[in-house]
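Below is one structure, written out as structure tokens; comments come after it.
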Amino acid sequence: MEAIATTEELKALGHPIRWRILRLCLDRALTNQELSLKLDLAPATTLRHVRALVKTGFLAAEEVRTGERGALERPYRATQRTWGLSILDADEPGLSQQVDLAMLGAHRAEVVAAGPDAGRGVSRGVLRLRPERVDELNRRIREVVAEFGDEEDGEPLSYLWSLAARPKES
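Dropping the structure here:
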């Protein structure tokens, strides 16, 4: 069963850097300093994004550890709470579009960072579907992704499924 995102959660997910942080902290816990270096951001900027994700439960702080130079540091790991989260406008119109655009921006940044040989397939098209068929298509895409699962020794891949209404022709 899908949970519906709250307004606070939508606001937390409305920035592409936050989606990149979640992706980076998925496979291993990273500190604010490590994230800052990977994202080429000032540590204070990164910390602001990290705190927003921790506050909403999308990122969890792990035990403090001693770093390479003896300083204490706190790593963070993604909680996977975004998986199955339904992104709908709550009380503020446009928030779900902001989250959609943030996901697109994060995905684009990851494609660029992975380099020119990173592509494993892309397609784009247009459809005309009745609402119940849209629901069926989304359900079947989720089923196909779930069928393939997550293989420990598999190549790390990123995917983005986006279905958006097209403007009506005038």
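30 is the number of the first residue of the sequence shown in our numbering; add one for each residue after it.
Don't be surprised by glycine CBs; every beta carbon is placed ideally from N, CA and C.
Can you round the beta-carbon distance between residue i and residue j to whole angstroms, since I take them to be within the 8 Å contact cut?
i, j, result
"Q85", "E38", "First, the residue type needs correcting, since residue 85 is Thr and not Gln in the sequence shown. That belief holds up - the Cβ atoms of T85 and E38 are roughly 5 Å apart, short of 8 Å."
"I50", "L82", "6 Å"
"I46", "H78", "5 Å"
"S65", "A58", "No, S65 and A58 are not in contact; Cβ-Cβ is about 15 Å, not under 8 Å."
Between residue i and residue j, what straight-line distance do the alpha-carbon atoms span, to the nearest angstrom?
i, j, result
"L68", "H136", "14 Å"
"L124", "E92", "33 Å"
"V163", "R169", "10 Å"
"N167", "A131", "20 Å"
"V141", "L189", "15 Å"
"T111", "H44", "14 Å"
"E204", "V128", "In the structure as shown, the chain begins at 30 and stops at 199. Residue 204 is therefore absent and cannot be evaluated."
"L114", "L133", "16 Å"
"Q126", "R149", "27 Å"
"G183", "E198", "43 Å"
"E63", "L158", "45 Å"
"A143", "W48", "16 Å"
"L76", "S152", "36 Å"
"A7", "V174", "Because the chain here runs from 30 to 199, residue 7 falls outside it and cannot be looked at."
"E165", "E172", "10 Å"
"G154", "L101", "50 Å"
"E139", "C54", "14 Å"
"A90", "L156", "43 Å"
Using the Cβ count rule (16 or more neighbours within 10 Å means buried), how would you classify residue i?
i, result
"G99", "exposed"
"A41", "buried"
"G96", "exposed"
"P160", "exposed"
"T74", "exposed"
"P145", "exposed"
Please tell me whether residue i and residue j are closer than 9 Å, where the distance is taken between their beta carbons.
i, j, result
"T60", "L88", "no"
"S191", "R52", "no"
"P185", "D56", "yes"
"R106", "R94", "no"
Starting from residue i, follow its DSSP beta bridges and name the residues at the other end.
i, result
"Y105", "L59 and A90"
"L114", "A32"
"R85", "It should be noted that the sequence gives Thr, not Arg, for residue 85. Bridge partners of T85: none, in fact."
"T95", "L101"
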